[in-house]
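Per the UniProt record's numbering: the sequence shown = residues 1 to 285. Ideal placement from N, C-alpha and C gives every residue a C-beta, glycine not left out. Note that the coordinates shown come from a computational prediction; the quantities given were computed from them, not determined experimentally.
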Amino acid sequence: MVNWLSETLYPAWEQRFRVDEVLFQEKTALQDLVILKNEMFGTVMMLDGVVQLTEKDEFVYHEMLAHVPVFGHGSASRVLIIGGGDGGTLREVLRHRSVTHVTQVEIDRAVIDMALKYMPGVSAGAYDDPRARIIIADGIRYVAETEDRYDVILVDSTDPVGPAEGLFTEEFYRNCKRCLTENGILAVQGGVPFLQPEERTLVNNRMKPSFRCSTSYIISMATYVGGPMTLGWASDDPSKKTPDLAVLEQRYREAGFSTRYYSPAVHIGAFALPPYIAALENGPA
C-alpha cells in the first residue's frame, strides 16, 4: 500500500507527498518533526505538519532570503539569522566574502542535528565555517537583550503560530531595528498572500512603526503552494531595496559565485508586486 503524507497548513486544501521512506519522526520539546524521502522532491522536512523545505527547491527560498538584502546593502559584514536550523540561509550568506561574521539563533537544536544528519547538502558545510556562531536560544529574547549590532537580520521562521508566533510582533520588529546598524536591512518570511493574506498585512503593518520603508518581494516555489510567496523587507534606507541594475550586476560579479534563482534582474523584478499583493501592504491589521 502506498503511503501519502498530507500537509495540514490549510483547512480546505492540501498537498500530499508520497512517502517513499520515513527517515526520522519525533515530537521534540517544541515541534513535531518529520523527515521523509520522496522520489520527486528528494528529502523533505516537515514541522507540525507543514513543509519547511525540500532538497529539490530549497535553493529558491534560501537564495532570495539571503542575497536580496546582502547584495542590496552593498557592504554587509555582520549578519544575524533567526531560525533557519536547516542551514540553507547560513550557507547562502556565507558565500559572500564581505561577510565576516554570522550569528544564527535557533530555538530547537534538534532541527539542526536532524538536518545535518539527513539533509547535509542543504547546509553544505556552513556549520563548520569559522565565521559562523551558533546559539541555541529564543530569537525573540536574543534581539531584546543582545548588545551586538548587525548590518542585515534575516528571520527564517515558520508561520506565525506556535513557537514562531512571537517572531511576528511589533515588539520583535522594534527589537530587530535596535540590533541593526544605521540603514541596516531586515528580511523575514512573509507567507503566501493568495492563501494567507492576513499574514502579509500583519507583517507589513507591524514593521511600519519601526522602519521608514517596509514592503515585500516575491518568490516562486513549487512546494510553497498557492501562488507567489512573499518575503518581508524593511530598512530606513529605501535605496537599498532596488539599487541600480548596473550596481547590482557589479556586486554580483565581484562576489564571484553563481546562483540558480537569484540574479540582479530578478532582485529588482521581485519588488514589482501584483496588485492583489500590493493592496495587502496597507490592509487591515
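As assigned by DSSP and simplified to three states, the class of residue i
i      : result
ILE134 : strand
LEU245 : helix
ARG16  : strand
ASP48  : coil
GLY184 : strand
TYR217 : strand
GLU5   : Note that residue 5 is Leu in the sequence shown here, rather than Glu. Three-state result, LEU5: strand.
THR89  : helix
THR146 : coil
For residue i, the residue or residues it bridges with in DSSP
i      : result
ASN38  : GLY42
GLN189 : LEU231
GLN104 : ILE81, ILE134
GLU21  : LYS37
Check whether residue i and residue j have beta carbons under 8 Å apart
i      : j      : result
HIS101 : ARG141 : no
GLY121 : ILE82  : no
TYR224 : MET64  : no
LEU33  : MET114 : yes
VAL51  : GLU7   : yes
GLY232 : LEU195 : no
ASP151 : THR181 : yes
VAL203 : VAL188 : yes
ARG206 : GLU170 : yes
Per-residue burial, residue i [other beta carbons within 10 Å of its own, 16 or more giving buried]
i      : result
MET221 : buried
MET40  : exposed
ASN3   : exposed
ILE35  : buried
ARG16  : exposed
Taking one C-beta from the segment 234–241 and one from the segment 205–219 each time, how about it: are there three or more such pairs within less than 8 Å?
Enough Cβ pairs lie closer than 8 Å, so yes.
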